[in-house]
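Protein chains in written order, with my numbering: chain G, 779 to 1177; chain L, 779 to 1177. Positions of the beta carbon are idealized from the N, C-alpha and C atoms, including for glycine. On a predicted model such as this, the values are computed, not experimentally measured, just so you know.
Listed below in structure tokens is the structure:
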């Protein structure tokens, strides 16, 4: 966005709800339409009939976004200007506060064979208890000269690793080879300033392997996504909003926190999330509601489960709409077509509903209909100014 | 614009007419379509049937443009690269030539109560005669040490104020609080270089209030939009055109002058404007015809009046088309939906007609049809290269 929205933001008493169906987008093939096209979504169809539809491209043509850029774009942060490493995302999700100078990485507990070759990047998706015990062991025994090591267990094989000390730099390559049959990669500094950090990571890797040598499953920790503390300008400062997040999964709670959202009480499922929305309705003017199951089903390659996850969300729409938001948006952070069992670059359907949005002629929510919609096809980062404008929160530009 | 049009501009004998229906865009709601969709526009429909249609976004997603950026974009000037303050626009409209170093602001004659609190920002929309007398009084009596003060009455409460002298800087905040019930704001310099100017503006405010102390209605002058002389590259240099403007209202005449257009004899209404076009047909190769009433009706929240203003323009199309332009474009500078009674961020329909434009399948002029059009949806600044190309005025790029 060339326009500086902060200079145009104007106060208002309006409320915006942004519902993100994680991995919403899909693609049609010879067998069937996209998951959203095939889903029965009477409530979303009603919203789109009364509002405007379109397609969003989260990062750019042909680019498959991770969760970080996908969400940052929806929150109006240019994903090229604001990059978040996996380490920073994990830390945010675990509520581990990174400090300036910290270097964080995402770690996978992994299985190496006797020759030091990776045979399972996720240590058999090790059970939480077992993983927790191993992380505790490492936290007790790993030490590096002059560097504090903070370890936090996320779930299963996933571990956050933070290195804290003077002169650290995150420009270090992953040790996670992202494949099996090869040894972990030696870390390399991509700038001279990161030489010491790369050596520390190599030493960390050696000591971890020594300590875990007797473990049958998890005998190494593969690191990826080295990153440091990022100071993102808050949504309060950029848009004059008082925003809140209602998300079940830690990473999305973390991303929300990074842009200044208040992260509301942890909800167990979508019903809970709607209850949280209702009980905090008077306290905030922007609500981010994150719905994960569509992405999980897509990642599992389960077409029917993704359809069901979308239909589940559809049934929650009346309770959300009943709060009478001024602007209600439903879209996704990226596509997760079940045919690919992975994130993809395909565009993501979006609908925006509100009194001054303007109606187009689209009456069903789905890729093939959104293509004809009044929003057109645009980068996801343009959604935020459209939401703000539709909520009367942007002043005129220029005389 | 990534492409440097100046390096591609090539001479031609073709003529382009750009008709700007001010505030053309609107939005559909439950009650009706947009003003343009509901208007009966057989002549515009014929043009669009023989040409191509699309939707323009003047400044960016969600951004509501003022008249300055809305028109600059249509003339092919990136509205972020070329910013115009209200003062510069007013000066241009009044044919007061700003010189390098001048600082200009838009002034409102206003009513303060005995406590110095603004009770009417427009002094009851004071009559022209009365306002003219007061501006004359101020021009005679206000003086600032080392600074020449130029005052020019626009209409009603609107006054142009120019400060002329060495070392002035326009980075001064408005004294107009843009609301009632508070005193005028003290001017602040936003850069140290403007300290002296801010002090001069404060002194100007004091002296104006002293001089007008006995006036019942207009006893202060609220200032906003401080700006300085802007040197815009002309359309002659950028495009090799010899352009003329046919506009009724001063501000649009002013904007046209800033980009190098010859501003033709003042016309009283659209019939007059068409006559001026006819009589100057052989003298220019680009004509900007500005039609204000659609915007005025939109600003008044009058749906039917905006429809009528569009239908009025439609009836003038045959006379314009009869001149046989090579390229005829009809669009708007921004949306002014009557539901909002204000400018808005909604996209603006556009049609381009000409022998080599190419026909799409759209046969009616209006937002819902333009969405399907051959021009697609694009930033307004891209219209100018399309007009030039369609008029055979852009050479091939690259070998």
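Label residue i either buried or exposed according to how many other C-beta atoms from any shown protein chain fall within 10 Å of its C-beta, with 16 as the threshold for buried.
i	result
residue 821/L	buried
residue 1015/G	exposed
residue 1127/G	buried
residue 1158/L	buried
residue 1134/L	exposed
residue 810/G	exposed
residue 903/L	exposed
residue 1089/G	buried
residue 921/G	exposed
residue 897/G	exposed
residue 1031/G	buried
residue 1116/G	buried
residue 796/G	buried
residue 829/L	buried
residue 1141/L	exposed
residue 1003/L	buried
Could you check what DSSP says for residue i in three-state terms: helix, strand or coil?
i	result
residue 778/G	This structure gives no information on residue 778/G, because the portion of chain G shown stretches from 779 to 1177.
residue 1179/L	Since the displayed chain L opens at 779 and closes at 1177, residue 1179/L lies outside it and no answer follows.
residue 921/L	coil
residue 1104/L	coil
residue 932/G	strand
residue 1088/G	helix
residue 1180/L	Here chain L has residues from 779 to 1177 only, and residue 1180/L is not among them.
residue 1154/L	strand
residue 807/G	coil
residue 1143/G	coil
residue 794/L	strand
residue 902/L	coil
residue 813/G	helix
residue 1176/G	coil
residue 985/L	helix
residue 1082/G	helix
residue 876/G	coil
residue 772/G	Chain G is shown only over 779 to 1177; residue 772/G falls outside these bounds and no answer can be derived.
residue 1129/L	strand
residue 911/L	helix
residue 942/L	strand
residue 1134/L	coil
residue 822/L	helix
For the beta strand (DSSP E) containing residue i, name the first residue and the last one.
i	result
residue 849/L	Segment 845–852 is the alpha helix (DSSP H) holding residue 849/L; no beta strand (DSSP E) there.
residue 832/L	830–835
residue 898/L	896–898
residue 884/G	881–890
residue 865/G	No beta strand (DSSP E) holds residue 865/G; the alpha helix (DSSP H) holding it covers 864–871.
residue 1023/L	1021–1024
When you compare each of the options to residue i by their alpha carbons, which one comes out closest?
i	options	result
residue 1174/G	845/L, 1086/L and 811/L	845/L
residue 961/L	1001/L, 949/L, 815/L and 922/L	1001/L
residue 991/L	1011/L, 1061/L and 891/L	891/L
residue 1122/L	848/L, 969/L and 1027/L	848/L
residue 803/L	856/L, 1149/L, 994/L and 894/L	1149/L
residue 934/G	901/G, 875/G, 1119/G and 943/G	901/G
residue 794/L	1021/L, 1138/L, 867/L and 816/L	1021/L
residue 1066/L	1075/L, 1052/L and 1096/L	1052/L
residue 1037/L	784/L, 850/L and 927/L	850/L
residue 873/G	1118/G, 1113/G, 1007/G and 1068/G	1007/G
residue 840/G	967/G, 1113/G, 1059/G and 994/G	1113/G
residue 963/G	955/G, 1056/G and 1054/G	955/G
Just reading off the alpha helix (DSSP H) that residue i is part of, what are its end residues?
i	result
residue 1033/L	1028–1036
residue 1072/L	1071–1077
residue 999/G	No alpha helix (DSSP H) contains residue 999/G, which is instead part of the beta strand (DSSP E) from 998–1006.
residue 787/L	Premise fails: residue 787/L is in no alpha helix (DSSP H) and is neither H nor E.
residue 1162/L	1161–1168
residue 1039/L	That residue, residue 1039/L, is in no alpha helix (DSSP H); it is neither H nor E in DSSP.
residue 1015/G	1013–1017
So residue i and residue j are supposed to be a Cβ contact under 8 Å. How far apart are they, rounded?
i	j	result
residue 813/G	residue 1081/G	6 Å
residue 882/L	residue 939/L	7 Å
residue 996/G	residue 888/G	7 Å
residue 1162/L	residue 853/L	6 Å
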